[in-house]
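Student:
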Amino acid sequence: MSSSNAAELPAQIEQLTLNAKGASAPPVDAAAADTKKKRRTPRKKSQQSKGNGVPTPEASQRQDASNESRPQSRTKQRSSDQRYVSQSGEGKHTEQQPDDRKQSAKGKRGGKGKQQYNSPNAQGDDRLVITSGTSLLNLSAIVTDLIANPLRRGNQEPIIRIVQTMPENFEDYWSKELIQQGLKRGTLIEGSMRINPKNYEQAYVPHPDGHSDVFICGVQHRNRAFNTDVVVVEVFPVAAWKVMIDELMPASGAAESAKSPAKQVKNKSCNYVSVEDIAASDLYPEDLKQEVRQLLASDSHPAQLATLNSVLRTGKVVYISLMKHSRASAGFLKPFQDKNPSVALFCPTDHRIPRIKIPIESCPADFRQRPDIYAKTLFIASITNWEPRSTYAMGQLQRSLGEAGMIEPETEAMLTQYSVDETEFSADVINCLPQNLPWSIPVEEYSNRKDLRNECVFTIDPATARDLDDALHCCHLGDGIYEIGVHIADVSYFVSEGTALDQVASDRATSVYLVQKLSKVVPMLPRLLCEKLCSLNPDEDRLTFSVIWRITEEGEILDQWFGRSIIRSCVKLSYDHAQGFIENPEQNWEAEQLPPVSEGFCVEQIKERVLNLNKVAVNLRKQRFDAGALRLDKVKLQFSLDKESGLPNGFSVYQQKDSNRLVEEFMLLANMSVAHKIHENFPDQSVLRRHPPPQLRMLDELSSICKSLGIPIDTTSSLTMQQSIAAQAENSEQEAKSRMLVLTSMCARPMQLALYFCSGTVEDEDLYQHYALNVPFYTHFTSPIRRYPDIMVHRQLAASLGYSAPSATDKRTFQVQCNHCNDKRTAAKMVSELSADLFFSVFVKECGPFEHKAMVQAVLDRSFDVLILAVGVVKRVYLDKLPLKSFNFRKVNLRPELTLAWQQTEIQDEVVRTITIFSEVSCRLETVPDDPLRWQAVLLHPSIVI
Numbered sequence: 001m002s003s004s005n006a007a008e009l010p011a012q013i014e015q016l017t018l019n020a021k022g023a024s025a026p027p028v029d030a031a032a033a034d035t036k037k038k039r040r041t042p043r044k045k046s047q048q049s050k051g052n053g054v055p056t057p058e059a060s061q062r063q064d065a066s067n068e069s070r071p072q073s074r075t076k077q078r079s080s081d082q083r084y085v086s087q088s089g090e091g092k093h094t095e096q097q098p099d100d101r102k103q104s105a106k107g108k109r110g111g112k113g114k115q116q117y118n119s120p121n122a123q124g125d126d127r128l129v130i131t132s133g134t135s136l137l138n139l140s141a142i143v144t145d146l147i148a149n150p151l152r153r154g155n156q157e158p159i160i161r162i163v164q165t166m167p168e169n170f171e172d173y174w175s176k177e178l179i180q181q182g183l184k185r186g187t188l189i190e191g192s193m194r195i196n197p198k199n200y201e202q203a204y205v206p207h208p209d210g211h212s213d214v215f216i217c218g219v220q221h222r223n224r225a226f227n228t229d230v231v232v233v234e235v236f237p238v239a240a241w242k243v244m245i246d247e248l249m250p251a252s253g254a255a256e257s258a259k260s261p262a263k264q265v266k267n268k269s270c271n272y273v274s275v276e277d278i279a280a281s282d283l284y285p286e287d288l289k290q291e292v293r294q295l296l297a298s299d300s301h302p303a304q305l306a307t308l309n310s311v312l313r314t315g316k317v318v319y320i321s322l323m324k325h326s327r328a329s330a331g332f333l334k335p336f337q338d339k340n341p342s343v344a345l346f347c348p349t350d351h352r353i354p355r356i357k358i359p360i361e362s363c364p365a366d367f368r369q370r371p372d373i374y375a376k377t378l379f380i381a382s383i384t385n386w387e388p389r390s391t392y393a394m395g396q397l398q399r400s401l402g403e404a405g406m407i408e409p410e411t412e413a414m415l416t417q418y419s420v421d422e423t424e425f426s427a428d429v430i431n432c433l434p435q436n437l438p439w440s441i442p443v444e445e446y447s448n449r450k451d452l453r454n455e456c457v458f459t460i461d462p463a464t465a466r467d468l469d470d471a472l473h474c475c476h477l478g479d480g481i482y483e484i485g486v487h488i489a490d491v492s493y494f495v496s497e498g499t500a501l502d503q504v505a506s507d508r509a510t511s512v513y514l515v516q517k518l519s520k521v522v523p524m525l526p527r528l529l530c531e532k533l534c535s536l537n538p539d540e541d542r543l544t545f546s547v548i549w550r551i552t553e554e555g556e557i558l559d560q561w562f563g564r565s566i567i568r569s570c571v572k573l574s575y576d577h578a579q580g581f582i583e584n585p586e587q588n589w590e591a592e593q594l595p596p597v598s599e600g601f602c603v604e605q606i607k608e609r610v611l612n613l614n615k616v617a618v619n620l621r622k623q624r625f626d627a628g629a630l631r632l633d634k635v636k637l638q639f640s641l642d643k644e645s646g647l648p649n650g651f652s653v654y655q656q657k658d659s660n661r662l663v664e665e666f667m668l669l670a671n672m673s674v675a676h677k678i679h680e681n682f683p684d685q686s687v688l689r690r691h692p693p694p695q696l697r698m699l700d701e702l703s704s705i706c707k708s709l710g711i712p713i714d715t716t717s718s719l720t721m722q723q724s725i726a727a728q729a730e731n732s733e734q735e736a737k738s739r740m741l742v743l744t745s746m747c748a749r750p751m752q753l754a755l756y757f758c759s760g761t762v763e764d765e766d767l768y769q770h771y772a773l774n775v776p777f778y779t780h781f782t783s784p785i786r787r788y789p790d791i792m793v794h795r796q797l798a799a800s801l802g803y804s805a806p807s808a809t810d811k812r813t814f815q816v817q818c819n820h821c822n823d824k825r826t827a828a829k830m831v832s833e834l835s836a837d838l839f840f841s842v843f844v845k846e847c848g849p850f851e852h853k854a855m856v857q858a859v860l861d862r863s864f865d866v867l868i869l870a871v872g873v874v875k876r877v878y879l880d881k882l883p884l885k886s887f888n889f890r891k892v893n894l895r896p897e898l899t900l901a902w903q904q905t906e907i908q909d910e911v912v913r914t915i916t917i918f919s920e921v922s923c924r925l926e927t928v929p930d931d932p933l934r935w936q937a938v939l940l941h942p943s944i945v946i
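Start counting the sequence shown at 1; every next residue gets the next number (full-length UniProt numbering).
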């Protein structure tokens with residue numbers, strides 16, 4: 001309500017009072033009024049912590065005795081200035097006591113435009129607060145109620161005071177001192193925030209116990225934090241914890257009714273019900289109520305209390321420790337709805353980022369007069385400030401990218417949004433590299449390194465690869481023993497620590513690969529180094545770092561050697577060449593069928609060594625999986641592009657073959673060997689890579705769902721999970737293969753990301769373990785051209801072998817760099833996936849629509865997810881967009897089901913079909929209307945079978 005409207009309220013109240021007096025209200029005697037008052041009192045009391053389950057300040061203090069150090073929120077601080085006290089007959093104000101200032105959670109959290117109305121307390125005081133957000137309809141009801149109830153009036157009609165309030169959208173952040181105290185006591189938790197890309201109201205922060213996340217429901221509780229920010233969270237008391245709607249669905253197979261628990265949900269955007277509501281209601285299953293009673297009875301602090309499988313902790317952000325998100329986004333510029341001439345509204349394409357107010361001075365000069373001409377222009381904007389009192393963030397336009405819907409502007413938007421630096425390398429950086437080309441290895445290096453130029457060394461890479469950073473050699477020593485070497489480009493020789501080249505490499509941390517990869521690899525290092533100085537090209541002497549083993553055919557390592565070396569590759573093989581050797585070992589290959597082979601070697605020698613490597617690799621792989629390794633391959637698309645337009649004209653699913661697995665096994669073995677070596681020499685400073693185990697809650701859910709579908713998945717360990725998946729893979733039927741794709745995707749969901757870390761910063765050595773590989777030590781050593789952690793590891797390996805002095809860098813500085821590399825790796829992965837999705841969208845736009853088979857992967861109450869089998873992409877199908885007569889969700893022995901009744905048409909009868917996980921469906925892939933660079937999966941009528 002505007003200030004002008006607020007000023008008119010007293011007159012409106014007077015008119016409402018007269019109307020209410022004239023109304024024929026029934027007489028109210030004292031006994032009836034007393035009874036009415038008694039009925040209201042407990043209701044008011046129960047509202048103090050109901051609604052969305054957010055506790056009142058008093059409830060929080062009862063739950064946590066240490067909360068005396070908690071800062072009051074801005075809303076609480078202002079409450080003393082916003083008290084209303086009705087004037088008594090003597091015209092004096094009587095201040096409300098703290099107990100009388102309790103508000104219901106609903107009233108407290110209503111936010112902007114919500115009514116604040118305090119009913120009389122048990123002593124019969126006639127106190128009333130009406131804010132500028134009180135609607136006239138509610139105001140009329142309030143005044144009528146006051147006049148009808150003499151106990152509220154006392155001896156005179158109440159004089160109502162209008163309280164003008166400034167709506168508070170967010171709380172102030174806590175002080176650093178309070179944050180440190182809370183983290184030390186364990187009453188606060190810290191972690192990286194993840195915001196659901198499909199529902200920006202839902203955010204999660206991992207709990208330190210690893211069992212489940214803390215759920216942050218709503219933008220207000222997120223408190224201006226962004227995806228990937230490291231935040232500090234206050235965990236709410238147990239009464240405010242949530243249970244998913246799906247957990248509340250009938251498990252017996254009964255249909256969802258109007259009285260079912262899911263129908264009682266108050267916050268549909270978050271799809272959860274509070275623990276307190278469950279405990280106080282008869283609608284919910286008794287076993288669930290037993291769980292929540294157990295939690296409610298605990299004396300532990302909420303942040304330290306272990307949750308149960310069906311219950312999610314909830315909380316709110318009270319501090320941002322590290323703003324990892326760039327605060328930049330691509331989006332569109334629009335006029336403000338209220339025609340405010342001083343600002344424009346920026347709408348990000350990523351819905352997890354809030355809308356931004358842009359000063360008109362930052363907009364194109366003619367935007368105010370001609371906004372329509374910019375409707376399809378893609379801009380980059382960055383947030384400069386976001387005040388607690390403001391719904392909108394403030395920002396500035398950075399630049400225009402061009403017309404939306406074109407590949408290059410959209411790609412540039414992705415790179416900017418994920419802070420990928422694609423600028424040209426500066427002269428200072430280039431000057432760190434040798435300038436006299438062609439470059440030759442200094443003479444002294446030949447005496448300081450192992451000379452392997454006479455060995456049959458070769459590379460196996462994708463056919464289009466230009467940065468060849470790994471090579472192999474294999475010599476049969478007799479008696480089933482082989483000498484096998486992995487040789488990695490010695491990038492650290494050229495990238496000296498502390499130089500401008502080292503700084504830019506550490507900042508970029510990784511190369512970023514896009515679909516238009518020949519022209520759009522965003523390299524970590526200059527191309528001069530990647531493609532010439534360090535690339536292990538045939539017939540060129542190159543500096544390398546090598547790991548060489550004496551190993552049996554069965555994969556038993558007898559001895560190993562680490563050191564700097566010089567190699568001369570004799571041939572550049574593609575994966576297809578190596579695969580040809582493996583699939584056709586008896587074939588006589590002509591020299592013309594392969595790339596040029598260096599003088600002194602022949603095709604037969606190359607083939608023999610590839611086959612020997614493959615024999616050992618097969619056994620190494622078997623050993624790994626027998627020991628508990630877990631493999632969950634994700635479908636990856638590769639595109640063919642038109643040479644002139646650069647647009648996609650076809651795609652295929654990337655198939656991993658034996659030749660890929662051959663190279664992978666020896667790269668893994670080298671990484672594991674180097675990890676042990678550097679940790680042995682630098683136990684407090686080694687740069688390693690760990691993979692935390694999956695979240696237990698999600699694993700339990702996966703196990704329960706699969707069991708209900710007749711697929712036993714043992715989630716006890718990576719070994720038992722791999723064995724369970726492998727048992728399902730034995731069926732060779734096409735439907736079984738489709739199920740395997742879905743099952744693999746389902747099993748991947750609980751997995752956490754692997755992380756680089758410095759060993760000295762993690763006290764418990766058990767936490768070093770790599771869950772998927774099931775090994776105690778692992779690192780990255782084999783790709784220094786495109787990963788900065790590999791350069792760090794090369795330096796540590798060199799120091800451990802005495803080639804250089806140990807680094808003076810302390811463990812905490814190492815950890816900061818590891819954290820940065822983790823963030824950059826995640827961003828690079830996201831950009832690569834978005835690039836593939838962009839090109840597939842263009843392909844659908846140019847060549848579609850297409851009809852494909854799909855299989856259901858997840859079933860929700862109003863939607864379900866399908867895995868498009870030919871593409872390997874999961875898409876959500878929303879029921880409200882289908883021509884359905886009705887639909888019904890239920891659970892049958894924990895198995896979620898949707899029954900869909902299709903409308904009758906002129907050519908199709910009414911059809912009823914039940915959808916559950918692993919149901920095969922047919923979908924049409926088409927572009928989203930008015931958004932040509934997004935595609936959607938539309939469920940086809942059950943009568944249409946592909």
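Glycine included, C-beta positions come from ideal geometry on N, C-alpha and C.
As a quick exercise: from GLY218, GLU177, TRP174, LYS176, pick the residue whose alpha carbon is nearest that of ARG194.
Tutor: GLY218
Student: Identify which residue in ASP576, GLN857, LEU632, VAL921 has its Cα closest to the Cα of LEU773.
Tutor: Considering only alpha carbons, the answer is LEU632.
Student: With 16 other CB atoms within 10 Å as the buried threshold, where does LEU688 fall?
Tutor: Of the residues assessed, LEU688 falls on the buried side of the cut-off, its CB having 16 or more other CB atoms within 10 angstroms.
Student: Give me, in chain order, the residues of the same chain whose beta-carbon lies closer than 7 Å to that of ASN614; leave out the 5 immediate sequence neighbours on both sides.
Tutor: ILE582, ASP658, LEU662
Student: What is the DSSP secondary structure of ILE417, reduced to helix, strand or coil?
Tutor: In the sequence on display, residue 417 carries Gln and not Ile. Residue state, collapsed to three classes: helix.
Student: Can you give me the start and stop residues for the beta strand (DSSP E) that residue 957 sits inside?
Tutor: Any property of residue 957 remains undetermined from this structure, which presents the chain solely from 1 to 946.
Student: Would you mind working out which of GLN936, ALA858, VAL420 sits nearest LEU898, comparing C-alpha positions?
Tutor: With distances taken between Cα atoms, LEU898 lies closest to ALA858.
Student: Would you report the Cα separation of ASN431 and PHE494, rounded to the nearest angstrom?
Tutor: 11 Å
Student: Drop a sphere of 10 angstroms on the beta-carbon of GLU604, count the other beta-carbons inside from all chains shown, and report buried for 16 or more, exposed for fewer.
Tutor: Classification for GLU604: exposed.
Student: Can you list, in chain order, the residues of its chain whose CB lies under 7 Å from that of HIS820, leaving out five sequence neighbours each side?
Tutor: ALA509
Student: For a quick check, are the C-beta atoms of TYR272 and LYS242 less than 9 Å apart?
Tutor: yes
Student: Determine, for VAL597, whether the minimum Cβ-Cβ distance to residues of chain E falls below 9 Å.
Tutor: Chain labels in this structure do not include chain E; a single protein chain is all it has.
Student: Are the CB atoms of PRO784 and ALA489 within a distance shorter than 9 Å?
Tutor: yes
Student: Please report the residue range of the beta strand (DSSP E) in which GLU851 lies.
Tutor: Per DSSP, GLU851 is one residue of the beta strand (DSSP E) stretching across 850 to 859.
Student: Since TYR392 contacts PRO354 with CB under 8 Å, what's their CB separation in whole angstroms?
Tutor: The Cβ separation is near 7 Å, so the contact holds.
Student: Opposite TYR446 in the DSSP bridges: which residues?
Tutor: Partner(s): none; TYR446 has no beta bridge.
Student: My guess is that CYS758 and PHE814 are in contact by the Cβ rule of under 8 Å, so how many angstroms apart are they, rounded?
Tutor: 4 Å
Student: If I measure Cβ to Cβ from SER419 and keep anything under 6 Å in the same chain, skipping five residues before and after, which residues do I get?
Tutor: Closer than 6 Å at Cβ, skipping near neighbours: SER326.
Student: How is HIS93 classed by DSSP in three states: helix, strand or coil?
Tutor: Summary for HIS93: the model assigns pLDDT 35, below 50, so the residue's position carries little reliability; its value from the coordinates is reported in the next sentence. Coil.
Student: Buried or exposed for ILE944, going by 16 or more other Cβ atoms inside 10 Å?
Tutor: exposed
Student: Does PRO71 come out as helix, strand or coil in the three-state DSSP assignment?
Tutor: Because the pLDDT of PRO71 is 47, which lies under 50, any placement of that residue in the model is unreliable, and the number read from its coordinates should be weighed accordingly. In this structure, PRO71 counts as coil in the three-state DSSP scheme.
Student: Assign MET166 to one of two classes, buried (16 or more other C-beta atoms within 10 Å of its C-beta) or exposed (fewer than that).
Tutor: Low confidence applies here, because MET166 scores a pLDDT of 42, under 50, leaving its location unreliable and the question unanswered by this model.
Student: What does the Cβ neighbour count give for LYS176, buried or exposed, with the cut at 16 atoms within 10 Å?
Tutor: exposed
Student: Decide if the segment 472 to 492 is in contact with the segment 389 to 405; the criterion is three or more beta carbon pairs, one per stretch, under 8 Å apart.
Tutor: no
Student: For SER708, report the span of its alpha helix (DSSP H) as first-last.
Tutor: 696 to 708 is the span of the alpha helix (DSSP H), which, as asked, contains SER708.
Student: Mapping DSSP to helix, strand and coil, what is TYR319?
Tutor: strand
Student: With a 10 Å radius around its C-beta and 16 neighbouring C-beta atoms as the bar for buried, classify CYS847 as buried or exposed.
Tutor: exposed
Student: If VAL311 and LEU295 are in contact, beta carbons under 8 Å, what's the gap, nearest whole angstrom?
Tutor: Your pair VAL311 and LEU295 checks out as a contact, with CB atoms roughly 6 Å apart and the cut at 8 Å.
Student: Is it the case that the segment 378 to 387 contacts the segment 329 to 344, given that we only count it when at least three CB pairs across the two stretches are under 8 Å?
Tutor: yes
Student: For TYR374, count the other beta carbons within 10 Å of its own beta carbon; 16 or more makes it buried, fewer makes it exposed. Which is it?
Tutor: buried
Student: Look up LYS376 in the DSSP assignment and say whether it is helix, strand or coil.
Tutor: Reduced to three states, the DSSP call for LYS376 is coil.
Student: Please go through the segment 783 to 820 and give each complete alpha helix (DSSP H) segment of 4 or more residues, from N-terminal end onward.
Tutor: 788 to 800
Student: In whole angstroms, what is the alpha-carbon distance linking ILE460 and SER569?
Tutor: For ILE460 and SER569, the gap between their C-alpha atoms comes out near 11 Å.
Student: Going by the DSSP bridge assignment, what does GLN638 pair with across the sheet?
Tutor: Beta bridge pairing from DSSP links GLN638 with SER652.
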